[in-house]
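Working notes, structure below.
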Amino acid sequence: MCVLCRADMLPRLRCTKIVLSCVFLCAILLIGSTRGFNLEVEFPDVRTGTPGSMFGYSVAQHIDQGQGWLLVGAPTAATQQAGIIRGGAVYRCRANHTADSCSMIPFDERGNSNQFNGTLYLAIEDKSHQWFGATVASSGDDGHILACAPRYVYKSPKADKRAPVGTCYLNRYNSFQEFNPCKSSSLGYDKGGYCEAGFSAVFSNNGERLLLGAPGAFYWQGQVHNFYLDRGNSRKETVEESQASDDSYRGYSSAVGRFDADEEDDYVVGVPRAEFLLGKVELWTQNMSSILNISGEQVGAYFGYAVAVEDLDGNKLDDIVVGAPFYSDYSSTKSYDTGRVYIYYQNKKGEFSTSDMVETKVRQFRPNKRTRYDILDGHSPKSRFGSALIGMSDLNIDGFKDLAIGAPYGGRENRGAVYIYLGSERGIVTKVSQVIEGADLKPNIGTFGWSLSGGKDLDSNRYPDLLVGAYSSNNAVYLKARPIVYVAASLKIDPKKISLDRKVCNYKGVTGTHKVTCVTLFTCIKYDGIGVPRQLVFDLSWKFDVDKKTLDAKRLYQLNTNQVVEYVNNKRLTKDKAWCQNSFVYISNDIRDKLTPINVQFEFKLKKRSLARRRRSLQPILDQYTPTLVNTTGHIQKECGEDETCIPDVWGTAYTFTDSIKLGSTSNIDIVVHLENRGEGAFETMLYIELPRGVQYNGIQDRKFTIPFSCDKYTTNDTNLVTCDMGNPLPTKAKANFTLRVTPGDIDGNLDRLMFKFVINSSNEELNSTYSDNAFSVTIPVIQAADIIIIGRLGANQTEQIVYNDTGVALFKHSVYGPAVVHEYDVRNLGPSDIKESVIDIYWPSFDDVGRNLLYLTHTPEVLGQQNSLCETIVITPFNSSMIVWYSEFNKQGQKMDVIMAQHQAEARRKRRSLDAQTGSRISRDSTNKIVCNKNWCTIIRCKLGYMRPQDSTVVRIRSRIWTDTLVKSGLTSEPYLITSQAVAEVRQMPYNIKVDNSTYTIATYEIGSYVNAKKLAPQPKSVEPWIIAVAVSAGLLLLLLLIVLLWWCGFFRRKRREQEEAYASKPLMTNGANNTKYDINSKRYE
1 MCVLCRADML
11 PRLRCTKIVL
21 SCVFLCAILL
31 IGSTRGFNLE
41 VEFPDVRTGT
51 PGSMFGYSVA
61 QHIDQGQGWL
71 LVGAPTAATQ
81 QAGIIRGGAV
91 YRCRANHTAD
101 SCSMIPFDER
111 GNSNQFNGTL
121 YLAIEDKSHQ
131 WFGATVASSG
141 DDGHILACAP
151 RYVYKSPKAD
161 KRAPVGTCYL
171 NRYNSFQEFN
181 PCKSSSLGYD
191 KGGYCEAGFS
201 AVFSNNGERL
211 LLGAPGAFYW
221 QGQVHNFYLD
231 RGNSRKETVE
241 ESQASDDSYR
251 GYSSAVGRFD
261 ADEEDDYVVG
271 VPRAEFLLGK
281 VELWTQNMSS
291 ILNISGEQVG
301 AYFGYAVAVE
311 DLDGNKLDDI
321 VVGAPFYSDY
331 SSTKSYDTGR
341 VYIYYQNKKG
351 EFSTSDMVET
361 KVRQFRPNKR
371 TRYDILDGHS
381 PKSRFGSALI
391 GMSDLNIDGF
401 KDLAIGAPYG
411 GRENRGAVYI
421 YLGSERGIVT
431 KVSQVIEGAD
441 LKPNIGTFGW
451 SLSGGKDLDS
461 NRYPDLLVGA
471 YSSNNAVYLK
481 ARPIVYVAAS
491 LKIDPKKISL
501 DRKVCNYKGV
511 TGTHKVTCVT
521 LFTCIKYDGI
531 GVPRQLVFDL
541 SWKFDVDKKT
551 LDAKRLYQLN
561 TNQVVEYVNN
571 KRLTKDKAWC
581 QNSFVYISND
591 IRDKLTPINV
601 QFEFKLKKRS
611 LARRRRSLQP
621 ILDQYTPTLV
631 NTTGHIQKEC
641 GEDETCIPDV
651 WGTAYTFTDS
661 IKLGSTSNID
671 IVVHLENRGE
681 GAFETMLYIE
691 LPRGVQYNGI
701 QDRKFTIPFS
711 CDKYTTNDTN
721 LVTCDMGNPL
731 PTKAKANFTL
741 RVTPGDIDGN
751 LDRLMFKFVI
761 NSSNEELNST
771 YSDNAFSVTI
781 PVIQAADIII
791 IGRLGANQTE
801 QIVYNDTGVA
811 LFKHSVYGPA
821 VVHEYDVRNL
831 GPSDIKESVI
841 DIYWPSFDDV
851 GRNLLYLTHT
861 PEVLGQQNSL
871 CETIVITPFN
881 SSMIVWYSEF
891 NKQGQKMDVI
901 MAQHQAEARR
911 KRRSLDAQTG
921 SRISRDSTNK
931 IVCNKNWCTI
941 IRCKLGYMRP
951 QDSTVVRIRS
961 RIWTDTLVKS
971 GLTSEPYLIT
981 SQAVAEVRQM
991 PYNIKVDNST
1001 YTIATYEIGS
1011 YVNAKKLAPQ
1021 PKSVEPWIIA
1031 VAVSAGLLLL
1041 LLLIVLLWWC
1051 GFFRRKRREQ
1061 EEAYASKPLM
1071 TNGANNTKYD
1081 INSKRYE
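Sequential numbering from 1 applies to the sequence shown in the UniProt record's numbering.
Right under this line is the structure:
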């Protein structure tokens, strides 16, 4: 048999046929015994008074002959008293008849009393605006009812003095009796003339003593009067003290309890302005002997504004509760009038803590060594938490009495709130158990919580109820306590260690019947409670494998329905009788998680009644702090030794043969991975591979492993993950070697390296000393590399040969210009990386060897494919001065051309050398009649090209015409020639701040030649007319004939004889005869 820890609370709770754990039940009941929550707020009983009556300024609970009554004071209500203006009234309302209107209690139906002064009758009192009903009190069941008017005015016999002495009426034995302790001939400030008797009032527990507070007596020192109702209304009162006690307001509040060793009740009285405005509470005996004073801690907090007495720690001794509603937190300018409540516990020696308190940095107060006390702080500024206090008796029937605290300006919209705190063996539970806000109960309610009355069971359901006043909206709210249902439930799984190899149940699935591993769930539930119905309807539910949040991760299913939940709705249970159920669940054959426990959860809920039924009667409530969820767990059996605890040691490493990755490259990267488990079985072993941004997973290659595994790719939050299932479990000494193949697709250019992160883990934890080798990485540097090339071609509509035919000769022979020559250079980025900036220099043979125009530029060079790229033209000449003169003349044609001085020539010579190395010559015309730029005369066209992605192309177009006159003057008409332009391109800047491959800056070259044949431009011999030839021949023959005749006539054809020659030879060379004249040698040029 179970022995329950609270047998008095659940006297009939017995053991069920399933043995419930006593420890479990005791824990449930102990939790429930320290909480409260059961005041009904869905359908509050709201009573409303006449407008302007301040209905609800004071409230009291009263029971008369078993009937519960609500006593409500309305101090400014209008009455039927003759000549009285809003004298005030007290109403009584039936607690269980909301349709009944409240009726006024006829304490005093008379108007003002008159007295004859010898001449005429004068009123000796003034009941108008006397605030009758500002204080209402009940002495207990079938006892007395007291109502007071603290602003009641009494006049002197001569009517020359008015004094608010206050007065009270007691309803006793169906009669009404007035109590006016301050009504006398001494009406001055120094006496009782302004005492306002009845400002507070309290009965002793037996109803035979009545204490009235009069805070205005003796210059507002205050005074309390104790009436012995069983002794002819004799009384004891406090006496006037020294002037230092003026303006203390003794009797502002009062409560009754026992604070000394005798068997009589004592009083606790609030004095909120004493101790130089710190405030204090005083403990008095019946004969007005002082027991103890407890002082406040903050000036102006009104410590003692409200007081209450209740045994909150269950030690059968009364504890004192003191309110200080104006307490403020001066560390914040906005936290004022928050309010504070102090609870002073009485020990077995009858001691209370005094003002021996020390404030710490966190604004919490520690009690002195003799006893203990607690502090409850308000929850919002200006709420005046602690304005009203009332002991609630045992609200949740747990053996400890509870407390209600009013904050009339707290809560939502500052409409007021009431806070319920529960007692416990250690005293008040400082965490609020229930908050009731006026704004949630009735529209336009205000100052909810101004007055409180509680501790009585007005509806006879064995639970104390609460009555709350809200005077500014003329309301009184009756809150009933709901019966509390205590539930004991158990859940068991059998067997707790589950062998997956033991498949004994048949499961009918879609593919047929197959064997599965199954377990049995045992569930029992029963309820009990005070004042609860004999039968209640519950909704029950079971959730399987609740720790798995997604359906595909579930491992446990109901055998018959294949569901992960099971419901039993509208289950009617009988009080104190257990209901039990056995059910079968099975484990799926393909589960992954074999390590974590399988958690099954059983939940119960009390079926909510219909709205109409809840209006008619109170709905019982489950003990809010008794868990409505019951859990049990099962474990999958593992081969991990006797302790069933597997400690793995998974290990991994990786490397690659790829030295670097070129940005933009799509070549595969292979990473070799080695994995091993060097410890015990590793469950749900997973390898997580984080790929760098832009890298694509291409699969697993070269698999070598002792266990099967698979890998999948996932993308989450811009992170590429490859997850590999390495086995469940991964056995001891199991190994896996494979190659991870990836492709660098769209790599971020801001990364100077690619880091591949590997983490291998299992669901069962390793030792801390072996975690370091679970994570490893591979890093590959990222570099930039681009291959720039040039492809040249002739322009559109251009032929490979330019031949001066007859038409061309006729068109261009006597013209400066010749045919058009268009060359186009296509600069391409073969990648793989982007290029931020490149440049192309084109060497254009614009001149011949002596500077005459040869290939004349007719248009500014164009860059096609890039909008912002520009070209500059560099003219190379032998001398700057002649270049300038020449440029000035050349520019008459309107061509835009820059004159570049010597500072550009060094760079031009470097690129020319590169071209010469390609062409094999630096002369203007080589052995193949190719004309290129010469040393002294050339036009260099330099174009800066912008951003180029891989495979981007940019075309530079150059348009010109042959200078025909130069062809003739330079002798270029004798044979065909190839006029050639040459181009050099190179990368100047890459886009990213990472390393650049050296090959990127290699110079690319190309040349384009135009074949020119200008032979027909050379001068040709002139042809002779035939008749001229005939005349010339005839003339020649005639001249020859005449020459022959002349020679004949001269004897040229006469031949001398031998003998004549000899005779002639014998003559002397010179004769002195007269016939021979002698000449001077100088007069003869030749002989």
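Where a beta carbon is used, it is the ideal one built from N, C-alpha and C, also for glycine.
- Scanning Gln-951, Pro-181, Thr-50, Asp-160 for the CA closest to the CA of Gly-192 turns up Pro-181.
- For the 8 Å CB-CB criterion, Ile-124 and Pro-75 do not form a contact.
- A buried status is given to Glu-680, since no fewer than 16 other beta-carbon atoms sit within 10 Å of its beta-carbon.
- Checking the DSSP bridge columns, you'll see Asn-737 partnered with His-674, Lys-704.
- DSSP, reduced to helix, strand and coil, places Trp-651 within a strand of the structure shown.
- Short of 6 Å from the beta carbon of Thr-238, and not among the five residues preceding or following it, lie these beta carbons of its own chain, in chain order: Gln-223, Val-224, Met-288.
- Per DSSP, Trp-1027 has no beta bridge partner at all.
- In the structure shown, Glu-125 adopts extended strand secondary structure according to DSSP, grouped into three states.
- Asn-206 is classed as exposed because its beta carbon has fewer than 16 other beta carbons within 10 Å across all chains shown.
- If the five residues before and after Asp-725 are omitted, its C-beta is found closer than 7 Å to the C-beta atoms of Met-686, Phe-709, Ser-710, all from its own chain and listed in chain order.
- Counting along the chain, Phe-218 sits inside the alpha helix (DSSP H) bounded by residues 217-220.
- Asn-764 sits away from Leu-611, with the two beta carbons spaced by 8 Å or more.
- Boundaries for Phe-683: no beta strand (DSSP E) harbours it, and the DSSP string shows neither H nor E there.
- Between Gln-619 and Arg-426, the gap from beta carbon to beta carbon reaches 8 Å or more.
- The residue among Ile-840, Gly-865, Phe-758 with its C-alpha nearest the C-alpha of Gln-982 is Ile-840.
- Lys-969: member of the alpha helix (DSSP H) spanning 964-969, first to last residue.
- Around the beta-carbon of Cys-1050, fewer than 16 other beta-carbon atoms lie within 10 Å, marking it exposed.
- Taken in chain order, the complete beta strand (DSSP E) segments of 3 or more residues contained in the UniProt domain "Integrin alpha first immunoglubulin-like" (481-639) are 484-494, 505-509, 512-528, 535-544, 556-558, 565-574, 579-587, 598-606, 629-636.
- Rounded to the nearest whole angstrom, the C-alpha separation of Ala-306 and Ser-138 is 18 Å.
- As a beta-bridge residue in DSSP terms, Ser-960 pairs with Val-821, Leu-857.
- Nearest to Val-271 by alpha-carbon distance, out of Ser-200, Ser-453, Phe-758, Asn-226, is Ser-200.
- Of the other Cβ atoms in all chains shown, fewer than 16 fall within 10 Å of the Cβ of Ser-953; this residue is therefore exposed.
- Taken atom to atom, the span from the alpha-carbon of Phe-303 to that of Lys-280 is near 6 Å.
- DSSP places Ile-85 outside both helix and strand once states are collapsed to three, so it counts as coil.
- Annotation for Glu-1007: no alpha helix (DSSP H) segment contains it, though the beta strand (DSSP E) segment containing it runs 1004-1013.
- DSSP, read as helix, strand or coil, puts Ile-291 in strand.
- Judged by pairs of C-beta atoms under 8 Å, the region 986-1001 touches the region 829-840, as three or more such pairs exist.
- Contact between the region 696-707 and the region 719-737 is present: three or more C-beta pairs spanning the two stretches fall below 8 Å.
- Rounded to whole angstroms, the gap between the alpha carbons of Asn-998 and Asp-748 is 21 Å.
- Leaving aside the five residues that flank Asp-374 on each side, the residues in its chain whose CB is nearer than 7 Å to its CB run, in chain order, Ile-343, Gly-427, Ile-428, Thr-430.
- Counting the other Cβ atoms within 10 Å of the Cβ of Ala-417 gives 16 or more, which makes it buried.
- In the three-state reduction of the DSSP assignment, Trp-450 falls in the coil class.
- With contacts defined by Cβ atoms closer than 8 Å, Ser-665 and Pro-781 do not form a contacting pair.
- In this structure Ala-476 is not in contact with Val-165, their Cβ atoms being roughly 28 Å apart against a cut-off of 8 Å.
- Burial check for Gly-449: the Cβ neighbour count within 10 Å reaches 16 or more, so the residue is buried.
- Under the 8 Å Cβ criterion, the region 943-951 does not count as touching the region 996-1012, having fewer than three qualifying pairs.
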